[in-house]
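Listed in order, the protein sequences are those of chains A and B. Residue 1342 in the working numbering sits at position 279 of the first sequence, with consecutive numbering throughout. Residue 115 in the working numbering sits at position 16 of the second sequence, with consecutive numbering throughout. Scroll down for the structure; my scribbles are underneath it.
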Amino acid sequence: MKRAAQGLALLALATVPLWAGGSFYVNIMSQVLISAIFAAALDVLVGYAGLISLGHAGLFGVAAYGAAIALGAGIGHFGAIAIALVAALVVTAIFAVLALRTTGIGFIMITLALGQILWGLAYRWIDLTNGDNGLSAASRPAPFGLSLASADSFYFATLILFCIAIAAIAIFTRSPFGASLRGTRDQPRRMTALGYDVWAIRFFACLFSGFWSGVAGILFFYYNQFVSPHALALSASAEVLLMVIAGGSGTLLGPIVGAALVVAMKNVASAYIERWNFTLGAIFVLIVLFMPEGLVPGTARLLRRGSIALRRGAAPAENPR
Amino acid sequence: MTALELQGLAKAFGGLQVTRSIDLRVEPGERRLIIGQNGAGKTTLFNLIMGEIRPDRGTMVLFGTDITTTPPRRRAHLGLARTYQIITLFPKDTLLHNVALSLLALSPLRWNPWLRFERHEPLQQQAREALAAVGLGHLAERPLAQTSYGERRRVEIAMALAQKPRLLLLDEPFAGLSIDERRDVQALLFAIPRDVTMVMIEHDMDVALDLADRISLMHFGEMVVDGTRSEVVAHRRTKEIYLGE
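This is the structure:
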């Protein structure tokens, strides 16, 4: 059943250009997938490590700027991508060393501060980042000679990376290391007593999360062929966190659903509803009220209840002798 | 070689001296019972031995290795395991997962990011055996949240024993258990082989005294009496402090 649903979802995603109704919607699907990679990367920390980061847009933005700056320096696309990923990993390592001195609210505040520092650098280090005007790329890469210039071809490239990212995160979270990571979320003191190096486990989880955030950042840069300080802003960090919380943290599907919801509201609903921000806010309030665990686990809970109620209803009544 | 040797171990929280120059020597295979009133510093002593808090003074030697400054995570790898007074487990997971996590802690496999944890048969099999050894083999797949308090106590012991410790610290293993559950846990502790040294904090004398080779009485952070069961029970200070005579 689960495999069939996954197969159908993959088939639907692989045929988007056939049924989406134009390049506008194909582009929106690319945005959904990029945001989903970013949200799933953040969920490694939020859902599996219990570490809430409010500075993840900084890592996303560092990768985007890394690619843009490298391209601007005359380096080719693949060199620029490699530099961007290394930059994202280095900055993630620095983030982790500083932020993992604490957990809980302290971790949130340190990541927020670090994210704001990166935003400030992007905004004010004009010689490097071109400030508020941002940096652009003249073209997209053409892997194996295949041009990614069109909406369809870029979508397929994004879909391939999305599948790799989700598979990698699924394998990671179900591995012995993933089990250790969840243990550090639930009982860090016990984990230390058992012999686990809680700090190192969290550090490597940060690196893994930072790597996929970087991949999302590079895709974002190539999708827009432009990056500005807005990509690193606090609002971007809050938005991706909302995707994770709305969809359901600690699940694989939750961040994808959350990303689809936010991107659809921003790009589709905003065409019809003037106050789409208000509508999005109202949806989040409803989710928190009725499905505080997020849309995916909440829906699963309702389906379980419905199935139990149906089975009870179908069972024959006892003979009242 | 002594299993555990503490010398002059002292810890203060601000102005409150919780342990004052504690000396303790536990021989390999020994069953040592530590008794004392609430607030005597017994659990703090365990926390010091585990490295969860750092002593202000003194030294700790475990089977010939000075562990005074050893990071807490390394002590489990040196053969030290403990159970907690307040049960500290993973309630969202199954009993099997809890014990497998304990086994994983001492395996290099814990860094593996691609194997499927639930499908690593050797580890899962060892976890099943550890659960069976405490009489919980039939509940292996049950979520911990759906088990009784007594069963959780046994899971704690299974997790500690699964690591094949050389020194096991048991912090009130009978606390909160029914009479039947106490009997079960007592039988379980009796069955632990002598190559595991045990130090136990316990208030329930009826069950704990039968287990102990030697008893130490703590009072306001000091070891005031140390000896065999009959020596300690007959001691004047024990009667004053613990038996209220």
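For every residue, glycine included, the Cβ atom is placed at its ideal position computed from N, Cα and C. Because the structure is a prediction, the values reported are computed rather than measured.
Separation of residue j from residue i, as counted between CA atoms
i, j, result
"Ala1231 of chain A", "Ile1371 of chain A", "34 Å"
"Ala226 of chain B", "Asn1196 of chain A", "59 Å"
"Leu177 of chain B", "Ala232 of chain B", "23 Å"
"Arg1384 of chain A", "Arg209 of chain B", "In this prediction, Arg1384 of chain A scores a pLDDT of 49, lower than 50, which makes its location untrustworthy; no coordinate-derived value is stated."
"Arg131 of chain B", "Ser1300 of chain A", "54 Å"
"Glu339 of chain B", "Pro190 of chain B", "42 Å"
"Thr246 of chain B", "Glu240 of chain B", "11 Å"
"Ala1077 of chain A", "Leu205 of chain B", "44 Å"
"Asp1106 of chain A", "Pro154 of chain B", "38 Å"
"Ile1115 of chain A", "Gly1273 of chain A", "13 Å"
"Asn137 of chain B", "Leu243 of chain B", "29 Å"
"Leu287 of chain B", "Ala180 of chain B", "16 Å"
"Pro1318 of chain A", "Ala1309 of chain A", "8 Å"
"Ala1345 of chain A", "Met1354 of chain A", "13 Å"
"Ala1133 of chain A", "Leu1074 of chain A", "36 Å"
"Arg124 of chain B", "Leu103 of chain B", "6 Å"
"Tyr1111 of chain A", "Ser1243 of chain A", "10 Å"
"Ile1223 of chain A", "Val1307 of chain A", "21 Å"
Classification of residue i by the beta-carbon crowding that lies within 10 angstroms, buried from 16 upward
i, result
"Met100 of chain B", "exposed"
"Lys141 of chain B", "buried"
"Gln1069 of chain A", "exposed"
"Arg174 of chain B", "buried"
"Phe1341 of chain A", "exposed"
"Met1064 of chain A", "exposed"
"Gly1124 of chain A", "buried"
"Ala261 of chain B", "buried"
"Glu301 of chain B", "buried"
"Pro1292 of chain A", "buried"
"Ser1202 of chain A", "exposed"
"Asn1193 of chain A", "buried"
"Val324 of chain B", "buried"
"Ala1323 of chain A", "buried"
"Trp213 of chain B", "exposed"
"Trp1182 of chain A", "buried"
"Glu255 of chain B", "buried"
"Ser1213 of chain A", "exposed"
"Trp1275 of chain A", "buried"
"Thr118 of chain B", "buried"
"Pro1239 of chain A", "buried"
"Thr1155 of chain A", "buried"
"Ser1298 of chain A", "exposed"
"Glu1337 of chain A", "exposed"
Residue i versus the options, residue with shortest Cα-Cα distance
i, options, result
"Trp1339 of chain A", "A:Ser1098, A:Val1149, A:Val1325", "A:Val1325"
"Asp79 of chain B", "B:Thr327, B:Met322, B:Glu271", "It is not possible to answer for residue 79 of chain B, since the shown part of chain B is limited to 100 through 344."
"Leu1081 of chain A", "A:Ala1150, A:Gly1273, A:Ser1216, A:Phe1225", "A:Ser1216"
"Val1175 of chain A", "A:Ala1120, A:Leu1134, A:Ala1127", "It should be pointed out that residue 1175 of chain A corresponds to Leu in this sequence rather than to Val. Looking at the Cα atoms, A:Ala1120 is the closest of the given residues."
"Leu1163 of chain A", "A:Leu1366, A:Asn1090, A:Asp1260, A:Leu1148", "A:Asp1260"
"Ala259 of chain B", "B:Asp192, B:Asn146, B:Leu310, B:Leu230", "B:Leu230"
"Leu105 of chain B", "B:Gly113, B:Gln116, B:Ser120, B:Phe112", "B:Ser120"
"Phe112 of chain B", "B:Ile134, B:Glu126, B:Arg156", "B:Arg156"
"Asn197 of chain B", "A:Val1351, A:Gly1369, A:Asp1249", "A:Asp1249"
"Asp122 of chain B", "B:Ile148, B:Leu308, B:Leu115", "B:Ile148"
"Met1092 of chain A", "A:Val1359, A:Leu1282, A:Arg1375", "A:Leu1282"
"His334 of chain B", "B:Phe319, B:Glu321, B:Ile314", "B:Ile314"
"Met317 of chain B", "B:Ile152, B:Val331, B:Glu228, B:Tyr183", "B:Val331"
"Glu129 of chain B", "B:Ala199, B:Met299, B:Arg336, B:Tyr341", "B:Met299"
"Gly234 of chain B", "B:Pro221, B:Glu220, B:Gly249", "B:Gly249"
"Ala1294 of chain A", "A:Ile1229, A:Met1254, A:Ala1279", "A:Ala1279"
"Ala1127 of chain A", "A:Ile1146, A:Gly1369, A:Arg1252, A:Ala1205", "A:Ile1146"
"Ala1051 of chain A", "A:Arg1375, A:Leu1349, A:Ser1333, A:Leu1316", "Not covered by the structure: residue 1051 of chain A. The range shown for chain A is 1064 to 1384."
Extent of the continuous beta strand (DSSP E) to which residue i belongs
i, result
"Phe112 of chain B", "103-112"
"Met299 of chain B", "296-300"
"Glu280 of chain B", "Counting along the chain, Glu280 of chain B falls outside any beta strand (DSSP E), though it belongs to the alpha helix (DSSP H) covering 278-289."
"Gln116 of chain B", "115-125"
"Val160 of chain B", "156-161"
"Ile133 of chain B", "130-135"
Start and end residues, alpha helix (DSSP H) containing residue i
i, result
"Ser1370 of chain A", "1358-1377"
"Ile1308 of chain A", "1297-1310"
"Arg1187 of chain A", "1167-1187"
"Arg1066 of chain A", "1065-1077"
"Arg181 of chain B", "Here Arg181 of chain B belongs to no alpha helix (DSSP H); instead the beta strand (DSSP E) covers 179-182."
"His1119 of chain A", "1119-1135"
"Asn1090 of chain A", "1086-1106"
Residue i beta carbon near the ligand FMN (any heavy atom closer than 7 Å)
i, result
"Thr246 of chain B", "Of the ligands one can find in the structure shown there are none, so the ligand FMN has no counterpart to examine."
Problem set entry | Uninterrupted alpha helix (DSSP H) stretches inside the segment 298-332 of chain B (no shorter than 4 residues) | Whole alpha helix (DSSP H) segments, 4+ residues: 304-310.
For this session: Enumerate, from N- to C-terminal direction, the unbroken alpha helix (DSSP H) stretches of 4 or more residues contained entirely within the segment 196-276 of chain B.
Result: For the segment 196-276 of chain B, whole alpha helix (DSSP H) runs of length 4 or above, ordered along the chain, are 220-232, 248-261.
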